[in-house]
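**Q**
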């Protein structure tokens, strides 16, 4: 239905309060992509944030 870039753009518009109905549909669609780039991106972000937190705290 959409590319990863289209989904990211729609998600940004919705988050900023400027989304339209199509943006809302894209965000819902992206959120339902179990096992696809939607989930893997969220997991990667969580993993990166956890790694960054661990990396920065381990030196102090």
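In my numbering, the protein residues as written are 19 to 78.
We put the beta carbon where it would ideally sit given N, CA and C, even for glycine.
(1) Roughly how many angstroms separate the alpha carbons of residue 29 and residue 21, rounded to a whole number?
(2) Evaluate residue 48 with the Cβ neighbour count: other Cβ atoms within 10 Å of its Cβ, from every protein chain shown; 16 or more gives buried, anything less gives exposed.
(3) Would you tell me roughly how many angstroms separate the C-alpha atoms of residue 39 and residue 23, rounded to the nearest one?
(4) To which residues of the same chain is residue 37 closer than 7 Å at the C-beta, ignoring the five residues directly before and after it?
(5) Within its chain, find whatever has a CB closer than 7 Å to the CB of residue 41; leave out the 5 residues flanking it on each side and keep chain order.
**A** Looking at the atomic coordinates:
(1) Position 11 of the chain shown, counted from the start, is the residue given in the question as residue 29. Position 3 of the chain shown, counted from the start, is the residue given in the question as residue 21. Distance between the alpha carbons of residue 29 and residue 21: 12 Å.
(2) As a working note, residue 48 is residue 30 in the chain shown. Sixteen is the threshold: when 16 or more other Cβ atoms of the shown chains lie within 10 Å of the Cβ of residue 48, as they do, the residue is buried.
(3) Working through the chain shown from its first residue, we reach residue 39 at position 21. Working through the chain shown from its first residue, we reach residue 23 at position 5. Spanning the two alpha carbons is a distance of roughly 17 Å.
(4) Numbered from its first residue, the chain shown carries residue 37 at position 19. Around residue 37: 28, 31.
(5) Here residue 41 refers to the residue found at position 23 of the chain shown. Excluding sequence neighbours, residue 41 sits near 28, 31, 32.
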